[in-house]
Amino acid sequence: MTLDAKIPSGPLEKKWDRHRLEMKLVNPANKRKFDVIVVGSGLAGASAAASLGELGYNVKCFCFQDSPRRAHSIAAQGGINAAKNYQNDGDSIYRLFYDTIKGGDFRAREANVYRLAQLSVNIIDQCVAQGVPFAREYGGLLANRSFGGAQVSRTFYARGQTGQQLLLGAYQALCRQIGIGKVQMFPRTEMLDVVLVDGQAKGIVVRNLVTGEISSHAADAVVLATGGYGNVFYLSTNARACNVTAIYRAYKKGAAFANPCFTQIHPTCIPVSGDHQSKLTLMSESLRNDGRVWVPKKKGDKRAAHEIAEPERDYYLERKYPSYGNLAPRDISSRAAKEVCDEGRGVGSSGLGVYLDFADAIRRLGEATIRERYGNLFDMYQTITGENAYAMPMRIYPAVHYTMGGLWVDYNLMSNIPGLFVLGEANFSDHGANRLGASALMQGLADGYFILPYTIGQYFAGAKPLKPPASRPEFKKVEEETKARTQQLLSVRGKRTVTSFHRELGKIMWDYCGMARNEAGLKEALRRIPELRREYWHNVNVTGENQELNQALEQAGRVADYMEFAELMCSDALMRRESCGGHFRTEFQTEEGEALRDDANFSFAAAWEYQGPDKPPVLHKEPLAYEEVKMSQRSYK
Amino acid sequence: MNLTLKVWRQKSGSSRGQFVEYQAKDVIPDMSFLEMLDVVNEGLISGGEDPIVFDSDCREGICGMCSLVINGIAHGGHRGTATCQLHMRHFNDGDTITIEPWRAKAFPIIKDLVVDRSAFDRIIQAGGFVSVSTGGAPDGNAIPIPKEAQELSMDAAACIGCGACVAACKNASAMLFVAAKVSHLGLLPQGKVEKDRRVLRMVAAMDHEGFGGCTVTGSCEAVCPKEISLDFIGLMNREYLGASLKGS
Ligand SMILES: Cc1cc2nc3c(=O)[nH]c(=O)nc-3n(C[C@H](O)[C@H](O)[C@H](O)COP(=O)(O)OP(=O)(O)OC[C@H]3O[C@@H](n4cnc5c(N)ncnc54)[C@H](O)[C@@H]3O)c2cc1C
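Chains as they are written, first to last, in this note's numbering: chain A, 1 to 637; chain B, 638 to 885.
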């Protein structure tokens, strides 16, 4: 396998313009001869499907929810970054680019990140034109807030529902295309595999989740915008059904999987309340603008928060990172929380929690202002915990939130399989080893509105529409494999539920491949995961049949993929003998306990190639060449 | 606490459904309602029975996927809460809880507690958008929008499309859902341009899908997890009247 990132030559700030000029175009009358499959209807998929439909391509779009409007992007709360510099506080495209590269701990591709920062400004304009009701000032202009890892105010937001409003914008654009017949939508349909014809991605095999029917769809190109895989940990802030299946199946068909171990643990989530817990709820990072994070100075201090006087509190983020304080990046804040809890200073009944305190902000600004800024988050907190955060501090703890890793893509967002494009959280391209807040929404929309519509044309230009019929043997073969696998899951009829396996796998991953990792732990995980997987295929109990709406079966397929994928994650984490961003190897840290990168040996994207069942995957390295920025030790002090 | 559940079970859209009784044991107050059902389902699967099928995804009240009628009330009757955000601390030991799907002609049952809400998507497809294509948008600050208009628009835009309004209405009317979208877009300068066309088309699509008429009883507003105001229905009626008079 050769990995060619296809980064255009020339100065960083000219690359994308130049590339756009040099790319070949498909003439408007020919676009309708090409069919495109888009799997996913989140920000990345919906924006791509809508934009491709507008250009004239014939699009088929798939999602497993009952409506494209329910993709997991809907849950994003805090906001979306753009280098508009509306606040006159020194922002620029270069600064957003630099913050993102630095935030990613110098493990992202420079040219991609620069392009992302450039496109960020177009995204805001596009969304405003669609009727996204972003927050505004009294003068009628757009408002901004600040987010972790940045010292400027560049985050656009719609109350605490930014993801919802952006997704509805994209969904409405998509609906417009569905209405006029340019996009055909397939909700409640799960892609279970991709089909290659002559080494190119030419279709997918799907299961209709209502009838159980397994069928093929053919096209000239396949776009995966299927989101992240944080649920490999069982508990995460992701929606319940988020999964790795689409991209893992593509990996097994030859697509390289890059940096699978790069996971983001978000510092501000509601702590776990018990074994029944089905998911974790994020409290938006924007809260850290006004909330102060602290724990008692004394170990095992079980007094209520208000009984602990100022001098007895440790505002540890402000103490350790005076210039960023409570707005230190996510990886750093999460690790700091874990440290104080490991020291026995955690709060709440489990001891796995820290305070996020708004008392000062309420004194300074008044409760009304805090209510206006975060009212819905405080309400949500109260709904879940039964506690009033206006009167007492919130309790928060880190939780799995985002996966920076994903399928390897080149500058055109195409994987190493020709015709297979990957967008949004499902690819690996822009966030390196840690993602800054409010930049996933930006990336998803940049990919879908402004990058793919150009680069897919380049792939089609020159090529004749191929459109292999779905009756070709390649499709039948994958269909048969998919049916057999489904049947196999149904025929085990063992003693344990899918959820119990998933929970156990998640625990292994959280303990050994979570916030802190080391060689011994990862090896232990790599011993236990295959054992658990073997048990899974002998002892899982999936009730019901294929020919019906069968949620246990859906879940069983996803967990089966996690069982294999978890091993890839741990292997990647074991291989990377350095700490960077969210990947913290306890063996590699500075004297102050910060992540210690090893640029001489690990300045590459790790792209793994599948070799077959029970064979170790092969590692390919894409060297990260920094033309513009100087790699430095990340400091937020 | 221990609870008795009466759950609507129905194998498919074409088969007959019925209530089946289950016991939910050792329920913890901090559990969400859906987590309580998860636990019941784990028990059913272990006993070789088919689990109760219900929709849910984000479990934080925003995706709009969950859709249960609990004790006769869509989403269970706690103001501003979707089913997934309803917690068991609101129930008492020994309670009997009835759980049903949304019931409306335009939302046919697929299985157990899962219904088909694609009618909502088709209403949006008919006109619930601003007709701009990607590219060529003016600067985001080119058109100032009064904060009050933006806030009001956002109040309407908060709709999660869950369909509780329809489930709660004795006529299974979709007026609150449609009014929320018409208002969200119509209150902004970007959406005003095609407001007449939008409201006419969306209302026609709504009627075509078989939703009933609105008699403004307010039961929709009462169950809406996003507390979308009935006032938007008034606003839509005015827009509709205006557009009809213009004969566009
Ligand atoms: C609680 C929360 C809050 C967040 N807040 C922010 C924020 O404030 N700012 C920010 O920038 N980012 C935020 N993020 C991150 C951001 O929301 C996500 O990274 C982003 O929305 C992902 O978009 P996507 O389009 O790539 O995927 P998704 O929105 O996850 O969409 C995936 C789509 O793929 C479909 N799909 C997946 N697999 C299959 C399959 N096999 N077959 C068919 N369809 C499939 C799904 O149905 C869905 O339509 C947040 C994330 C969470 C969890």
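Every residue, glycine too, gets a C-beta built ideally from N, C-alpha and C.
Exercise. Compute the beta-carbon to beta-carbon distance between V644(B) and A661(B), rounded to the nearest angstrom, for a pair I have assumed lies under 8 angstroms.
Key: Residue numbering aside, residue 644(B) sits at position 7 when the second sequence is read from its first letter. Residue numbering aside, residue 661(B) sits at position 24 when the second sequence is read from its first letter. With a Cβ gap of about 10 angstroms, V644(B) and A661(B) do not count as contacting.
Quiz item: What is the DSSP secondary structure of K182(A), counted as helix, strand or coil?
Solution: Residue 182(A) sits at position 182 when you count from the first residue of the first sequence. Three-state DSSP puts K182(A) in coil, outside helix and strand.
Quiz item: Residues in its own chain within less than 6 angstroms of E658(B) by CB, not counting five upstream and five downstream?
Solution: Residue mapping note: residue 658(B) aligns to position 21 of the second sequence, counting from 1. Contacts found: K643.
Practice problem: Mind the definition here: the region 583 to 590 of chain A touches the region 108 to 121 of chain A only if three or more C-beta pairs lie below 8 angstroms; say whether that holds. | Solution: no
Quiz item: Cα-Cα, which of A221(A), V222(A), D193(A), L441(A) is closest to R249(A)?
Solution: Position 249 of the first sequence, counted from the first residue, corresponds to residue 249(A). Of A221(A), V222(A), D193(A), L441(A), the residue nearest in Cα terms is D193(A).
Self-check item: According to DSSP, residues forming a beta bridge with A359(A)
Solution: In the first sequence, residue 359(A) corresponds to position 359, counting from 1. A359(A) pairs with nothing; no bridge assigned.
Quiz item: So what does K60(A) bridge to, in DSSP terms?
Solution: If you number the first sequence from 1, residue 60(A) lands on position 60. Answer is I37(A), Q184(A), bridged to K60(A).
Practice problem: Use the C-beta contact count for G405(A): other C-beta atoms within 10 angstroms, 16 or more gives buried, fewer gives exposed. | Solution: As a position in the first sequence, residue 405(A) is number 405, starting the count at 1. Flag for G405(A) reads buried.
Practice problem: Have a look at I101(A) and R145(A) and give me their C-alpha separation to the nearest angstrom. | Solution: The sequence position of residue 101(A) within the first sequence is 101, counting from 1. The sequence position of residue 145(A) within the first sequence is 145, counting from 1. In a straight line, the C-alpha of I101(A) is about 21 angstroms away from that of R145(A).
Exercise. For chain A, find out if any of its Cβ atoms is closer than 7 angstroms to the Cβ of L825(B); answer yes or no.
Key: Looking up residue 825(B) in the second sequence gives position 188. At least one chain A Cβ lies under 7 angstroms of L825(B).
Exercise. Examine the Cβ distances between the region 748 to 767 of chain B and the region 805 to 822 of chain B and report whether three or more of them are shorter than 8 angstroms.
Key: yes
Quiz item: Sorted by chain position, which residues of the same chain lie with C-beta nearer than 6 angstroms to M812(B)'s C-beta, five sequence neighbours on each side aside?
Solution: Here residue 812(B) refers to the residue found at position 175 when the second sequence is read from its first residue. C851, I870.
Quiz item: Does the separation of the CB atoms of M631(A) and F106(A) fall below 7 angstroms?
Solution: As a first step, residue 631(A) must be located in the first sequence, where it is residue number 631. As a first step, residue 106(A) must be located in the first sequence, where it is residue number 106. In this structure, F106(A) lies closer than 7 angstroms to M631(A) by Cβ.
Quiz item: From R109(A) to Y374(A), what does the alpha carbon distance come to, in whole angstroms?
Solution: By one-based count along the first sequence, residue 109(A) stands at place 109. By one-based count along the first sequence, residue 374(A) stands at place 374. So the two alpha carbons sit approximately 35 angstroms from each other.
Quiz item: CB I782(B) to CB G140(A), shorter than 7 angstroms?
Solution: Here residue 782(B) refers to the residue found at position 145 when the second sequence is read from its first residue. Here residue 140(A) refers to the residue found at position 140 when the first sequence is read from its first residue. Result yes, Cβ atoms of I782(B) and G140(A) sit closer than 7 angstroms.
Quiz item: Do the region 34 to 50 of chain A and the region 439 to 455 of chain A meet, that is, are 3 or more Cβ pairs less than 8 angstroms apart?
Solution: yes
Exercise. Taking C-beta pairs closer than 7 angstroms, name the residues in chain A that C861(B) reaches, listed in chain order.
Key: Your numbering for residue 861(B) matches position 224 in the second sequence. Within chain A, no residue comes near C861(B); the closest Cβ sits about 14 angstroms away, beyond 7 angstroms.
Practice problem: Note the first and the last residue of the continuous beta strand (DSSP E) segment covering L192(A). | Solution: As a working note, residue 192(A) is residue 192 in the first sequence. Segment 189 to 197, the beta strand (DSSP E) holding L192(A).
Practice problem: Give me the Cβ distance between R330(A) and N434(A), rounded to the nearest whole Å; I'm assuming they're in contact under 8 angstroms. | Solution: Residue mapping note: residue 330(A) aligns to position 330 of the first sequence, counting from 1. Residue mapping note: residue 434(A) aligns to position 434 of the first sequence, counting from 1. Contact holds; Cβ gap of about 7 angstroms.
Quiz item: For Q277(A), is the beta carbon positioned less than 6 angstroms from some heavy atom of ligand 1?
Solution: Taking the first sequence and counting its residues from 1, one reaches residue 277(A) at position 277. Result no, Cβ not under 6 angstroms from ligand 1.
Quiz item: For ligand 1, any of its heavy atoms closer than 6 angstroms to the Cβ of M394(A)?
Solution: As a position in the first sequence, residue 394(A) is number 394, starting the count at 1. Checking the Cβ of M394(A) against ligand 1 gives no.
Quiz item: Applying a beta-carbon distance threshold of less than 7 angstroms, which residues of chain B neighbour K279(A)?
Solution: Position 279 of the first sequence holds residue 279(A). Per Cβ cutoff of 7 angstroms: R696.
Quiz prompt | Interface residues of chain B facing A173(A) [CB-CB closer than 7 angstroms] | solution = To locate residue 173(A), count along the first sequence from 1; it is residue 173. Residues of chain B passing the Cβ test: F766.
Quiz item: Any heavy atom of ligand 1 closer than 6 angstroms to the Cβ of A225(A)?
Solution: Your numbering for residue 225(A) matches position 225 in the first sequence. Indeed, a heavy atom of ligand 1 lies less than 6 angstroms from the Cβ.
Exercise. Kindly indicate which residue of C513(A), Q547(A), T237(A) has the alpha-carbon position closest to the one of A525(A).
Key: Counting from 1 along the first sequence, the entry for residue 525(A) is found at position 525. If we check each option's Cα against that of A525(A), C513(A) comes out closest.
Quiz item: Is there at least one non-hydrogen atom of ligand 1 closer than 6 angstroms to the beta-carbon of C63(A)?
Solution: Taking the first residue of the first sequence as 1, we reach residue 63(A) at position 63. Within the cutoff, so yes.
Quiz prompt | Euclidean distance between Cα positions of Q264(A) and D91(A) | solution = Residue mapping note: residue 264(A) aligns to position 264 of the first sequence, counting from 1. Residue mapping note: residue 91(A) aligns to position 91 of the first sequence, counting from 1. Whole-angstrom Cα-Cα distance: 25 angstroms.
Exercise. Report the rounded CA-to-CA distance for F64(A) versus G160(A), giving the unit in angstroms.
Key: As a working mapping, residue 64(A) is identified with position 64 in the first sequence. As a working mapping, residue 160(A) is identified with position 160 in the first sequence. Between F64(A) and G160(A), the C-alpha separation is close to 25 angstroms.
Quiz item: Does the beta-carbon of H266(A) have 16 or more other beta-carbons within 10 angstroms, so that it is buried, or is it exposed?
Solution: In the first sequence, residue 266(A) corresponds to position 266, counting from 1. H266(A) comes out buried.
Self-check item: Within chain A, partners of V778(B) - CB distance below 7 angstroms
Solution: Stepping through the second sequence from its first residue, residue 778(B) is reached at position 141. What sits at residue 778(B) in the sequence shown is Asn, not Val. Within chain A, the residues near N778(B) are Y86, L141, L142.
Self-check item: Contacts around V752(B), its chain only, beta-carbon distance under 6 angstroms, and the 5 residues preceding and following it disregarded
Solution: The sequence position of residue 752(B) within the second sequence is 115, counting from 1. Cβ within range, chain order: P738, W739, F744, I746.
Quiz item: Exposed or buried, which one is R577(A) when buried takes at least 16 other CB atoms within 10 Å?
Solution: On the first sequence, residue 577(A) is found 577 positions in, with the first residue counted as 1. Under this definition R577(A) is an exposed residue.
Quiz item: Who are V540(A)'s beta bridge partners in DSSP?
Solution: Here the question's residue 540(A) lines up with position 540 in the first sequence. Paired residue(s): R496(A).
Practice problem: Please name the residues in the region 151 to 164 of chain A whose beta-carbon is closer than 9 angstroms to at least one beta-carbon of chain B, in chain order. | Solution: F156, A158, R159, Q161, G163, Q164
Quiz item: So which of H502(A), K507(A), G419(A), L532(A) has the shortest CA-CA distance to C552(A)?
Solution: As a working note, residue 552(A) is residue 552 in the first sequence. Note on residue identity: the sequence assigns Ala, not Cys, to residue 552(A). Of H502(A), K507(A), G419(A), L532(A), the residue nearest in Cα terms is H502(A).
Practice problem: Examine the Cβ distances between the region 397 to 412 of chain A and the region 374 to 387 of chain A and report whether three or more of them are shorter than 8 angstroms. | Solution: no
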